[in-house]
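K.L.:
Chains as they are written, first to last, in the UniProt record's numbering: chain A, 1 to 446; chain B, 1 to 446; chain C, 1 to 446; chain D, 1 to 446.
Heads up, the beta-carbon is just placed ideally off N, CA and C, and yes, glycines get one too.
Since the model is a prediction, treat every value here as computed from it, not as a measurement.
Before anything else, here's the structure in question.
Number of protein chains: 4
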Amino acid sequence: MADGLKMVTIGGGSSYTPELVEGLIQRYDTLPVRELWLVDVPEGEEKLTIVGNLAKRMVKKAGLPIKIHLTLNRREALTGADFVTTQFRVGQLAAREKDESIPLKYGVIGQETNGPGGLFKGLRTIPVILDICRDMVELCPDAWLINFTNPAGMVTEAVLRYSSIQKTVGLCNVPIGMKMNIAEMLNVDPERVRLDLAGLNHMVFGLNVYLDGEAITDTVLRLMGEKGDQFSMKNIAGLGWEPEFLQALGAIPCPYHRYYYKTREMLEEELEKYRSSGTTRAQVVHRLEQELFEVYQEESLDVKPKQLEERGGAYYSEAACRLIDSIYNDRRDIQTVNVRNNGAISGIPADSAVEVDCVITRDGPKPVTVGELPVAVFGLVQQIKSFERTAAKAAVTGDYSTALLAMTINPLVDSDETAKKILDDMLKAHRDHLPPFADTQKKTMA
Amino acid sequence: MADGLKMVTIGGGSSYTPELVEGLIQRYDTLPVRELWLVDVPEGEEKLTIVGNLAKRMVKKAGLPIKIHLTLNRREALTGADFVTTQFRVGQLAAREKDESIPLKYGVIGQETNGPGGLFKGLRTIPVILDICRDMVELCPDAWLINFTNPAGMVTEAVLRYSSIQKTVGLCNVPIGMKMNIAEMLNVDPERVRLDLAGLNHMVFGLNVYLDGEAITDTVLRLMGEKGDQFSMKNIAGLGWEPEFLQALGAIPCPYHRYYYKTREMLEEELEKYRSSGTTRAQVVHRLEQELFEVYQEESLDVKPKQLEERGGAYYSEAACRLIDSIYNDRRDIQTVNVRNNGAISGIPADSAVEVDCVITRDGPKPVTVGELPVAVFGLVQQIKSFERTAAKAAVTGDYSTALLAMTINPLVDSDETAKKILDDMLKAHRDHLPPFADTQKKTMA
Amino acid sequence: MADGLKMVTIGGGSSYTPELVEGLIQRYDTLPVRELWLVDVPEGEEKLTIVGNLAKRMVKKAGLPIKIHLTLNRREALTGADFVTTQFRVGQLAAREKDESIPLKYGVIGQETNGPGGLFKGLRTIPVILDICRDMVELCPDAWLINFTNPAGMVTEAVLRYSSIQKTVGLCNVPIGMKMNIAEMLNVDPERVRLDLAGLNHMVFGLNVYLDGEAITDTVLRLMGEKGDQFSMKNIAGLGWEPEFLQALGAIPCPYHRYYYKTREMLEEELEKYRSSGTTRAQVVHRLEQELFEVYQEESLDVKPKQLEERGGAYYSEAACRLIDSIYNDRRDIQTVNVRNNGAISGIPADSAVEVDCVITRDGPKPVTVGELPVAVFGLVQQIKSFERTAAKAAVTGDYSTALLAMTINPLVDSDETAKKILDDMLKAHRDHLPPFADTQKKTMA
Amino acid sequence: MADGLKMVTIGGGSSYTPELVEGLIQRYDTLPVRELWLVDVPEGEEKLTIVGNLAKRMVKKAGLPIKIHLTLNRREALTGADFVTTQFRVGQLAAREKDESIPLKYGVIGQETNGPGGLFKGLRTIPVILDICRDMVELCPDAWLINFTNPAGMVTEAVLRYSSIQKTVGLCNVPIGMKMNIAEMLNVDPERVRLDLAGLNHMVFGLNVYLDGEAITDTVLRLMGEKGDQFSMKNIAGLGWEPEFLQALGAIPCPYHRYYYKTREMLEEELEKYRSSGTTRAQVVHRLEQELFEVYQEESLDVKPKQLEERGGAYYSEAACRLIDSIYNDRRDIQTVNVRNNGAISGIPADSAVEVDCVITRDGPKPVTVGELPVAVFGLVQQIKSFERTAAKAAVTGDYSTALLAMTINPLVDSDETAKKILDDMLKAHRDHLPPFADTQKKTMA
């Protein structure tokens with residue numbers, strides 16, 4: 001690291017990359033990045049070129065000596081890296097579209113994070129991530145792996161359990177988003193709000209909220225009961241909550257909790273939208289992305305364009321930059337990330353991934369002890385953790401039965417028979433991106 | 001205990017009582033019961049008289065000096081008792097009928113153990129049980145409380161957490177039933193089968209099965225996949241299982257697991273039955289009970305009648321007698337009961353109730369260590385435990401919001417809005433048997 | 001708190017008070033103390049007056065509107081308090097002298113923190129602390145209790161287990177002292193050093209050391225092996241360590257660990273000193289204190305005098321001020337304090353006190369998760385925790401057998417017979433300050 | 001196993017073997033042993049022949065078709081084995097003599113189980129055991145390894161952590177001995193006594209005692225206080241206990257606890273004996289063994305001779321036979337053995353070895369849940385567990401520093417300097433039986 005850091009971004013052609021580059025430029029004084037390698041696969045080469053050229057213009061405009069490399073050669077990029085971030089999407093948006101629409105055919109929400117869609121995203125992503133880990137062990141064993149490919153919780157679980165890379169963190173923008181939403185709801189500067197968060201990825205709860213140091217959790221729960229429909233994310237229908245339910249829950253649900261606590265209404269909403277317009281969230285995102293890349297291509301553009309903030313993934317790259325900065329500088333500030341539990345949340349295995357507030361040190365994030373989660377919350381968290389662990393095992397083994405088990409125990413799937421139908425349909429649809437399953441299927445047939 | 005035991009049965013007018021009496025008669029040599037007090041409430045006096053007289057005839061026929069007392073005075077009965085068993089039903093079968101039918105109106109399975117129906121059964125039962133506990137502390141502080149009133153897991157949880165009576169055991173006939181079913185499926189004598197069981201009440205899993213000491217878990221899972229429809233209980237539709245799901249699960253589900261792993265099909269089945277015949281399981285049971293009491297009334301009857309075995313609750317009283325016998329005689333044999341976890345199942349609080357294999361000693365049941373449950377199973381178990389704990393708290397506090405929380409987190413209920421509708425409807429329907437809620441409702445209105 | 005904080009210091013006549021006052025003066029901008037009540041017992045009235053007058057002169061010199069109250073009326077002082085600090089010593093230094101010298105008569109180190117001396121300090125102190133807690137519940141239920149009366153770990157354990165005051169923190173100067181010592185050994189500014197600490201009070205280990213963010217634990221262990229005799233505290237003989245022992249230990253011992261890992265040499269050292277000079281550490285401190293109070297009395301003195309830093313307890317009051325400031329301002333910085341474990345260190349009960357790095361919030365300190373302590377360290381930590389818990393129970397019950405048990409399991413005491421001799425001798429010597437034991441003894445004799 | 005079991009006894013030339021053979025003969029009906037292979041090393045060949053011939057005469061007298069094989073070829077013996085028992089002693093009694101006498105030179109008790117002597121016994125034994133495990137993985141992967149080579153707890157810990165053989169049980173005669181002693185003290189038939197045991201090997205506590213099902217723990221503790229000197233084992237001086245200490249302890253200590261709770265008196269006793277007679281326990285045993293082998297050689301002897309019972313290790317082989325019988329027949333009775341904790345004792349890692357009451361099944365022993373040990377007991381148990389784990393690591397790595405660490409944290413060793421002296425002296429004395437250390441020492445010197 002003597003003369004600056006080597007950073008590698010896998011999935012460098014992603015539309016999020018300009019945010020990352022902006023973050024690195026803003027922090028250059030304390031986070032001296034010498035080289036940024038943007039890596040992608042052949043199918044993504046065009047996007048890589050577009051976004052990479054924008055990155056180069058941005059760095060040039062900033063007058064900084066950060067060298068941008070565009071490459072399809074992952075191993076060359078990884079050699080000697082200090083930080084590796086991953087933001088790729090196996091099968092691109094077309095795959096996400098299937099993740100969301102196929103389950104709907106069987107009356108089940110697709111949900112691309114912790115639902116049936118998330119299972120398939122995991123099945124496609126985990127083998128690739130573990131492959132990257134194997135490369136890292138060989139080429140940059142001391143590097144940190146910062147993952148913000150979804151499902152980030154399942155992926156972190158898989159890396160912790162099935163690879164020897166333990167310097168890994170999973171990132172999500174939900175924690176920052178929740179804080180922003182609360183600030184907006186209270187109509188105050190986000191800096192005045194503090195939020196204690198704990199749970200799993202896309203399954204995190206706000207245990208306490210403070211405004212200028214005063215506890216206001218009950219007030220926030222009351223406000224959410226009154227105007228819950230304003231408290232969501234770009235990609236999630238902002239259905240309102242039953243006020244008494246929130247009050248007894250005693251913790252702030254994240255926007256994704258609607259899928260579990262309002263399953264019936266969310267399903268109706270998604271079916272309605274699907275039937276009427278025939279569009280899924282994936283299709284909306286696809287259109288947004290195309291527009292973004294048209295903007296990126298403009299030669300005159302040399303900063304992050306405003307339009308990127310319209311995209312659902314706001315704060316992702318900001319979160320990544322803040323994290324890397326705090327690790328590199330041993331800042332010991334507190335950020336909410338996905339890491340090894342290590343006892344922080346009672347009753348969850350020490351070696352499982354959780355999403356919790358952590359003190360960020362040179363040795364990585366260290367969770368602030370949570371102790372016992374609220375009783376009513378704990379069961380659902382454990383159910384998703386069971387799902388994540390079973391799904392990760394299915395991804396690693398390519399075993400059909402394990403995948404069926406994961407699908408059946410998912411709280412959005414309402415029977416083993418439905419699970420089997422969805423599974424079979426999706427295995428066929430994603431065949432090209434699931435080589436381990438293709439192999440085991442063949443073996444079974446032989 | 002010097003000159004024999006004093007036993008008290010609360011809900012003595014139950015149709016199960018003859019089985020209990022038969023068990024005591026058969027064991028008299030090692031379990032010398034001096035007095036059996038059958039206690040009931042005024043509404044149950046007629047049944048108490050019928051069943052009590054049959055009990056007297058049975059004892060006389062056996063030529064044993066067991067004195068049978070029939071009384072409506074619970075405190076007199078409890079004074080100086082050695083063992084207290086509870087098998088009462090607040091609101092009788094009419095209440096159960098509502099527990100099962102009201103949720104169906106909203107497209108939700110009623111399920112009178114761990115479903116919305118079970119929540120209401122708990123809300124009605126727990127205050128009465130805790131009242132009995134208060135009497136016991138005063139009148140028979142050294143007695144054992146053997147509960148087989150459902151929901152037995154939730155009730156045991158409530159006694160452990162909200163009373164000072166710690167000598168308590170919850171009993172269920174599912175464990176014995178599972179063993180019997182497996183023996184039948186294998187076409188072997190049940191004595192040759194051993195089953196390691198762990199989980200929660202009506203949520204217990206067979207972790208291993210042995211035939212003559214040989215492990216045959218995989219064989220049993222395969223057979224269940226092939227002919228699962230034969231492997232159920234009288235009161236649960238025997239829908240078959242997806243073979244690969246069972247194989248990956250790696251543990252024998254109990255008949256009640258169909259409600260959670262086959263929710264869609266079970267709901268369709270129940271709706272179908274309800275629409276076509278308009279009858280719920282409660283109504284079937286009601287008719288069976290009436291027939292039984294007609295038989296009990298025959299003066300010539302002086303043994304347990306065959307017809308009792310047709311009733312769903314087979315083995316209940318047998319289980320109770322075996323348990324009491326092993327405690328009294330410090331037998332150190334193994335029985336599956338509901339007790340304080342104490343670390344037996346990892347990740348469940350030490351002071352929560354679990355249903356596990358226990359060594360039965362003079363000091364009560366001591367769980368055989370389970371360690372970690374299979375990953376895929378653990379999440380659902382935790383979810384039901386969260387539900388049980390929240391439900392127990394609602395029963396004790398009579399708090400509307402807590403009851404709504406319990407209803408919403410129940411895995412059979414698919415949204416907070418549906419939960420509120422079912423809750424409001426059921427609170428009204430059961431008003432007379434929920435005095436704590438009536439009180440808090442009034443307070444809220446005032 | 002609207003118009004500034006009310007602070008109460010019990011044992012206000014302590015020689016440490018000027019440090020506390022200085023700390024409050026320095027922080028007035030962010031920690032607006034309106035009133036500081038210095039409370040003491042009649043025997044300490046003279047010292048209270050001397051130190052209290054100095055405090056008044058210091059505040060006047062600083063030109064701040066902090067009102068200093070001197071009182072023997074504890075209940076008046078506590079009424080409406082925001083923060084209560086305790087730094088009293090039941091039986092004064094004369095009692096400490098006995099704590100240290102009596103065990104030596106029987107060939108055992110006295111050790112006034114976690115040794116036989118610490119047991120007696122706990123037996124005298126805990127009933128008084130619990131009495132204060134009872135007053136607080138009544139008079140200032142929302143106040144924080146910041147204790148730096150030793151043995152701080154045992155006292156915190158007792159407050160957590162035997163009182164309803166849960167807003168309590170135990171403070172010690174060992175963590176800061178270790179950091180200072182390491183900085184001195186490395187000859188660097190202490191600000192550049194970071195230390196991860198975990199364990200129990202006076203039994204804390206440095207798990208990692210960083211210099212400017214770089215891990216240097218091994219270097220520090222090597223240096224300690226080479227020149228360990230420089231790495232101690234004012235009151236502990238700086239005997240050197242076996243280098244290979246330190247290397248395999250892999251964690252930085254605190255100065256007090258010499259009593260446990262070098263028992264033989266420490267005992268010889270203490271016996272030698274005792275025989276030759278007849279003086280214990282208590283006597284040295286006594287002389288230092290007299291000199292300090294002479295200085296304090298000088299009317300011209302209106303700042304904290306230099307001589308106070310010579311005293312063993314450096315940094316104590318500084319630590320208290322930093323802690324109070326961070327709680328009041330929700331600073332979320334990291335400090336090492338004694339709090340409820342809550343799962344931070346695996347294998348120690350959630351409701352026991354531990355000394356760990358904590359994030360300091362408005363809700364109090366939240367431990368940074370430690371996970372498993374190094375294997376070799378864990379056993380000794382557990383042994384001291386067993387001792388602390390048994391000692392706390394003895395203090396609360398006044399039970400002779402429990403006190404004998406605590407004495408026997410202390411790692412410095414080498415048999416039940418020796419334990420009994422020391423116990424009997426010390427019970428007699430401290431009779432006046434152990435009313436609970438006097439009572440139970442009388443009962444036993446009657 | 002179709003036509004009877006193949007059993008292998010490593011250290012077959014031990015003087016205990018006739019007890020084992022007698023046990024197998026008595027149980028032949030339910031435990032049909034086809035072949036018993038007695039394996040030894042060349043140095044033990046003479047003893048192997050003597051004891052093996054006696055075994056053959058015993059089997060012949062019993063008229064049973066058990067084939068006895070005597071061999072120095074361990075791999076041949078292991079091939080296809082069903083049960084492997086180990087009872088060897090690396091370095092024979094001469095090594096034990098050094099284990100006990102060298103520490104005494106430095107004023108420290110040798111203690112060949114959990115003391116400095118036990119450390120060295122572990123360092124010699126564990127590499128051999130792990131070598132046997134490697135052979136078993138290859139030659140009889142489904143066999144059970146029943147170890148009664150001391151230190152059995154440390155050896156079981158090492159097998160569980162450092163080999164893939166998980167079907168392993170450590171056996172000790174202390175549990176049976178405690179029951180016998182209590183029966184003798186009460187002057188009742190041992191069959192009437194039940195004892196709940198939990199802790200570690202040679203560090204086990206009787207948590208409850210029952211006589212005919214009635215709890216009599218307090219009575220037994222009182223009697224032990226009155227006449228504790230009768231309550232010991234052949235090889236441990238029966239020093240009495242302080243009655244109040246026992247009463248507050250609330251649990252029955254095992255005879256070995258005297259080393260930890262009466263260190264001073266035990267040390268004096270051992271030094272006294274050593275100085276006066278110059279004999280250690282090892283030397284006494286050596287003489288007893290010689291006498292036994294003379295008896296064994298008599299051609300007319302064809303049963304287990306009475307004299308064997310005089311030897312300290314009574315009940316060892318009986319315990320082994322009972323255990324094997326219960327595993328083979330899935331008896332589900334309760335025996336006290338050393339196995340993986342799996343959560344049985346709270347606060348001890350799941351994958352560490354503990355000595356607890358277990359239900360013995362075809363799948364091996366399953367611990368009865370203990371929950372939390374009594375507070376005062378827990379600390380010492382953890383300290384010995386830390387020692388065992390550190391010692392096992394030292395044995396596996398052959399690392400000097402780790403061995404020094406283990407020696408220093410042993411509760412019988414009173415400083416790092418003393419530890420180093422004993423370690424260096426013993427490493428030299430046992431050089432021939434510690435090849436891993438010889439290697440690392442050489443490396444360090446190079």
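Leaving out five residues before and five after D/W144 in sequence, what residues of the same chain have Cβ atoms less than 8 Å from its Cβ?
P.N.:
D82, F83, V84, K167, T168, V169, I324, I327, G364
K.L.:
Within 10 Å of its beta-carbon, does B/Q335 have 16 or more other beta-carbons around it, so buried, or fewer, so exposed?
P.N.:
Residue environment: B/Q335 is assigned as buried (16 or more neighbouring CB atoms within 10 Å of its CB, all protein chains considered).
K.L.:
Any chance the segment 175-184 of chain C sits against the segment 373-393 of chain C, with 3 or more Cβ pairs inside 8 Å?
P.N.:
no
K.L.:
So, at 6 Å on beta carbons, what are the nonlocal neighbours of C/G250 in its own chain, with the 5 sequence-adjacent residues on each side left out?
P.N.:
Spatial neighbours of C/G250 in its own chain (CB-CB distance under 6 Å, excluding positions within 5 residues in sequence) are listed in chain order as P374.
K.L.:
Leaving out five residues before and five after C/D212 in sequence, what residues of the same chain have Cβ atoms less than 8 Å from its Cβ?
P.N.:
R192
K.L.:
Is C/V375 close to chain D? Criterion is C-beta to C-beta, closer than 8 Å.
P.N.:
yes
K.L.:
Specify the secondary structure class of C/V90 as computed by DSSP and reduced to three states.
P.N.:
coil
K.L.:
Name the chain C residues that come within less than 7 Å of D/I409, Cβ to Cβ?
P.N.:
A376, G379, L380
K.L.:
When the Cα atoms are used, what is the spatial distance from D/A446 to D/A429?
P.N.:
A caution first: D/A446 carries a pLDDT of 43, below 50, which makes its placement in the model unreliable, though a value can still be read off. Roughly 22 Å between the two C-alpha positions.
K.L.:
Tell me which residues of the segment 252-269 of chain C have at least one Cβ-Cβ distance to chain D shorter than 7 Å, keeping chain order.
P.N.:
Y261, K262, T263, R264, E265
K.L.:
Got a sec: which bits of the segment 107-129 of chain C sit with their beta carbon under 7 Å from any beta carbon on chain A, in order along the chain?
P.N.:
Hits within the stretch: zero.
K.L.:
To the nearest angstrom, how far is it from the Cα of B/L223 to the Cα of B/V188?
P.N.:
Taking the straight line joining both Cα atoms gives about 14 Å.
K.L.:
Output needed for B/S317: all residues of its chain with C-beta closer than 6 Å, excluding positions within five of it in sequence on either side, in chain order.
P.N.:
Y16, E19, L20, G23
K.L.:
Please classify B/T30: is it buried, with 16 or more other beta-carbons within 10 angstroms of its beta-carbon, or exposed?
P.N.:
Classification of B/T30: exposed, given that the 10 Å Cβ count is below 16.
K.L.:
Using a C-beta to C-beta distance shorter than 8 Å, which residues of chain C count as neighbours of D/K428?
P.N.:
Those do not exist, as D/K428 stays about 16 Å from chain C at its closest Cβ, beyond 8 Å.
K.L.:
So, does the CB of D/R332 fall closer than 8 Å to a CB anywhere in chain B?
P.N.:
yes
K.L.:
Can you name, in chain order, every residue of its own chain whose Cβ lies under 7 Å from the Cβ of B/F120, other than the five neighbours on each side?
P.N.:
D99, M426, H430
K.L.:
Can you check whether the C-beta of D/T369 is within less than 8 Å of a C-beta belonging to chain B?
P.N.:
Judged by the 8 Å Cβ criterion, D/T369 is in contact with chain B.
K.L.:
Alpha carbon to alpha carbon, how far is C/P255 from C/M203?
P.N.:
As the crow flies, the alpha-carbon of C/P255 is around 9 Å from that of C/M203.
K.L.:
Going by C-alpha to C-alpha distance, which of B/Y28, B/T86, B/D40, B/G44 sits closest to B/P65?
P.N.:
Nearest C-alpha to B/P65 among B/Y28, B/T86, B/D40, B/G44: B/Y28.
K.L.:
Step through the CB atoms of chain D and report whether any lies within less than 8 Å of the CB of B/V359.
P.N.:
Taking Cβ atoms only, chain D reaches closer than 8 Å to B/V359, which makes this a yes.
K.L.:
Report the option in C/P141, C/A158, C/G118, C/T113 whose CA atom is closest to the CA atom of C/I129.
P.N.:
The shortest C-alpha separation from C/I129 is found at C/A158.
K.L.:
Using beta-carbon positions only, say whether A/E352 and A/N338 come within less than 8 Å of one another.
P.N.:
It is worth fixing the name first, because residue 352 of chain A is Ser in this sequence and not Glu. No, the pair does not count as a contact, with Cβ atoms beyond the cut-off.
K.L.:
Who are the neighbours of A/D363 on chain C, taking C-beta pairs under 9 Å?
P.N.:
D196, N208, Y210, A215
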